[in-house]
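These notes concern the structure reproduced below.
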Amino acid sequence: MWGALIGAGGASAFMLVNGAALGSPWTWIVVAGWVCAIVVFVWVVLIRPRSFEQLEPPSKQASTIYLVSVAAMIVLIVGGARLLASLDRSELTVAWVVCVVGAHFVPFARAFGRAMFRVMGWGILVIGIAGLAGGFAASAVAAVAGVAAGLWMFAVMVTDAVGRPLVNGRRPDSTVPRAPR
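The numbers in the sequence shown follow the numbering used here, run straight up by one, and end at 542.
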């Protein structure tokens, strides 16, 4: 549950901060999209009754992967932002952040046995790469990538909550019985 709330916070930040950078009327269109995403997220993830598989506590290796991934993300965000500023391309920073945030999710799939992280991570990374590439032509493309990353995060979390096959990962060595369907 905490992970979903943290994810919703990150997705919201991506959408609202970058939507504001797009200017009117796009700011309000993004806000309306965010309101819709939040309403669906709250209903599907927080309110709607659903069954959960009993999860094992994360292994020490998973905790290490998590800590290394988050630390690397922070270093890469700061380092990349400084590099882009030194190249006079600060407008691309958001697309860089999208890339790094996406990449930081990918190892979580194996560490926590949740395919959702692979789907979320690779999707965000592709959005970030498109934002970087397009941002060289038009700086608004980088901001659009930020909004798109937030929407993708909400979509993956909601899809996971409704139990689509896209996100039904388990650790191969799991000894915990599956929840009844």
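Glycine residues also receive a C-beta, built at the ideal position from the N, C-alpha and C atoms.
Here the structure is a predicted model, which means the values were calculated and not measured.
### Query
What runs of the alpha helix (DSSP H), each 4 residues or longer, lie entirely inside the stretch 423 to 467?
none
#### Entry: Same chain, Cβ closer than 6 angstroms to I426, five either side skipped, listed in chain order
Position 65 of the sequence shown, counted from the first residue, corresponds to residue 426. Answer for I426: P468, A472, listed in chain order.
### Message
For a cutoff of 8 angstroms on Cβ pairs, would you count T454 as touching chain B?
### Response
Absent here is chain B; the protein component of the structure consists of one chain.
### Minimum C-alpha distance to V455 - residue among W363, V400, K421, L493
For the purposes of this step, residue 455 is taken as the residue at position 94 of the sequence shown. Ranking W363, V400, K421, L493 by Cα distance to V455 puts L493 first.
#### Entry: Local conformation of R471 per DSSP, three classes
Within the sequence shown, the letter at position 110 stands for residue 471. Helix, per DSSP.
### Task
Select from R409, E452, A470 the residue whose C-alpha is nearest the C-alpha of V502.
Working through the sequence shown from its first residue, we reach residue 502 at position 141. Looking at the Cα atoms, E452 is the closest of the given residues.
#### Entry: Per-residue DSSP class, three states only, for R409
One-based indexing of the sequence shown puts residue 409 at position 48. Coil at R409, not helix or strand.
#### Entry: Given 8 angstroms, three or more beta-carbon pairs between the stretch 393 to 400 and the stretch 429 to 444
no
### Query
Thinking C-alpha only, which one of S385, L486, V403 is nearest A510?
Taking the first residue of the sequence shown as position 1, residue 510 is located at position 149. Closest by alpha carbon: L486.
### Query
Are V505 and H465 closer than 8 angstroms when you measure CB to CB?
Here residue 505 refers to the residue found at position 144 when the sequence shown is read from its first residue. Here residue 465 refers to the residue found at position 104 when the sequence shown is read from its first residue. No. Outside cutoff.
### Query
Is V480 helix, strand or coil by DSSP?
In the sequence shown, counting from the first residue as 1, residue 480 sits at position 119. If DSSP states are grouped into helix, strand and coil, V480 belongs with the helices.
### Task
From the DSSP output, in three-state form, read off V523 for me.
Numbered from 1 along the sequence shown, position 162 holds the residue referred to as residue 523. Correct three-state label for V523: coil.
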